[in-house]
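Student: The C-terminal residue of the sequence shown carries number 451 in this note's numbering, and the numbering is unbroken.
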Amino acid sequence: MRVFDAHEDIWTHVAQKRLIGETDVFKTYHLENHMKGNVKSGIFVIWIDPPFTENPMERLKVIVREMKAEIKESREILQIVKSYEDYESALKRDVIGAVIGLEGLSYITDSLSPLDELYAIGARHASLTWNEENALATGVRGSAERGLTALGRQAIKKMENLKMIVDVSHANERTFWDIMSKCSRPIIASHSNAKAMWDHPRNLTDPQLKAIKETGGVVGVNSYPAFVSQDRNLEGLANQVDYLVNKIGIDHVGCGFDFCDYLDWEKEDKTPNVASFDVLSGLESTIKVPTLFSKLRSMGYSEQALTQIAHGNFERLLKGL
């Protein structure tokens, strides 16, 4: 069963490795795991990682430069998905289909021209924030009283006109509802869980989940341990999936695993010493993705239901690109 992973930090890893002289990063570190895990497509995000948040535009330029070089080297194994036709082509060629996503737009300060430029190179997805407050909106670590700005409203309008996928993961609650009031197309939370199951600021309340459903959108279940459950294990993630399905329906649940096992800033020259990320017991990396579907199957999920969670629901949204 093929899987669409709506949140992968691949371009961050590509930049880390290429900056220390490596090439063919996706082929070397990711291709085998994706194939064995049957993760055949996903959203690969451009993310301004914590060591570089003080100068986001400079980091953006570096990641885009290294991403372009990596894409050029990877034509036989990786296809950039700008349309549903591209997605179908990737499946037919049996290569990895990658939607270029934007996780946070902190490099946009007074003009939306960077959004146009990123769309031109293939970006078809964006969230306005990571966890921070920026010129567009407010993330979960920002003020609860601050939401979408005037420039942020313009950004949402532009994204909708471009038929980009709007993502509310990382937005604080006020920004979330502000975005909901401005959008007419399906909204996703690419990598978020249910707050009712585990009370974490990054998780979504039941009213938020239902609002995403009402747009025709999808919530991608997140395997990052701190967002899953007290036990931080596969069973907790399966229970998150089950709760989401029961709360908003099988048509609105997908995968956004947010695997961080491969990120390690200690190996990139001249960066702060950042601790390695945690992993979920039983679902440590892309190669282990089939274990989640085996667990859900044991809980009584039909093959049709599993197909929708694995790729069908996010695939539906790709038809709108």
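Every residue gets a Cβ at the ideal spot worked out from N, C-alpha and C, and that includes glycine.
Evaluate ILE150 with the Cβ neighbour count: other Cβ atoms within 10 Å of its Cβ, from every protein chain shown; 16 or more gives buried, anything less gives exposed.
Tutor: Here residue 150 refers to the residue found at position 20 when the sequence shown is read from its first residue. The residue is exposed, with fewer than 16 neighbouring Cβ atoms inside 10 Å.
Student: List the endpoints of the continuous beta strand (DSSP E) containing VAL348.
Tutor: Translated into the one-based positions of the sequence shown, residue 348 becomes position 218. First-last of the beta strand (DSSP E) with VAL348: 348 to 351.
Student: Does the region 336 to 346 come into contact with the region 369 to 382, if we say contact requires no fewer than three beta-carbon pairs (one atom in each stretch) closer than 8 Å?
Tutor: Yes, they touch.
Student: Could you tell me which residues DSSP puts in a beta bridge with TRP328?
Tutor: Taking the sequence shown and counting its residues from 1, one reaches residue 328 at position 198. None, per the DSSP bridge assignment.
Student: Kindly indicate the opening and closing residues of the beta strand (DSSP E) around SER241.
Tutor: On the sequence shown, residue 241 is found 111 positions in, with the first residue counted as 1. Element bounds for SER241: n/a, residue is neither H nor E.
Student: Go through the region 363 to 439 residue by residue and report every complete run of the beta strand (DSSP E) that reaches 3 residues or more, in order.
Tutor: Within the region 363 to 439, the complete beta strand (DSSP E) runs of at least 3 residues are 383 to 385.
Student: According to DSSP, is GLU275 helix, strand or coil?
Tutor: By one-based count along the sequence shown, residue 275 stands at place 145. In the structure shown, GLU275 sits in coil (DSSP, three-state: anything other than H, G, I, E or B).
Student: Kindly indicate which three-state DSSP category ASP308 falls into: helix, strand or coil?
Tutor: The count along the sequence shown starts at 1 and reaches residue 308 at position 178. Helix at ASP308.
Student: Take ASP372 and list the residues in its own chain whose beta-carbon comes closer than 7 Å to its own, dropping the five residues that flank it on each side.
Tutor: Residue mapping note: residue 372 aligns to position 242 of the sequence shown, counting from 1. Correct list, in chain order: MET429.
Student: Looking at ARG254: is its Cβ nearer than 8 Å to the Cβ of ILE226?
Tutor: As a working note, residue 254 is residue 124 in the sequence shown. As a working note, residue 226 is residue 96 in the sequence shown. No.
Student: Would you mind stating whether ILE108 and GLY167 have Cβ atoms separated by less than 8 Å?
Tutor: No answer is possible for residue 108: the residues shown for the chain start at 131 and end at 451.
Student: Can you tell me whether DSSP reads ASP216 as helix, strand or coil?
Tutor: In the sequence shown, counting from the first residue as 1, residue 216 sits at position 86. Reduced to three states, the DSSP call for ASP216 is helix.
Student: When the distance is taken between beta carbons, is GLY282 closer than 8 Å to ILE318?
Tutor: The residue labelled residue 318 in the question sits at position 188 within the sequence shown. The residue labelled residue 282 in the question sits at position 152 within the sequence shown. Not a contact, by the Cβ cut-off of 8 Å.
Student: Leaving out five residues on either side along the sequence, give the residues of the same chain with a beta carbon under 8 Å from the beta carbon of CYS313.
Tutor: As a position in the sequence shown, residue 313 is number 183, starting the count at 1. For CYS313, where only same-chain residues beyond five positions count, the Cβ hits under 8 Å are ILE286, GLU290, VAL296, THR345.
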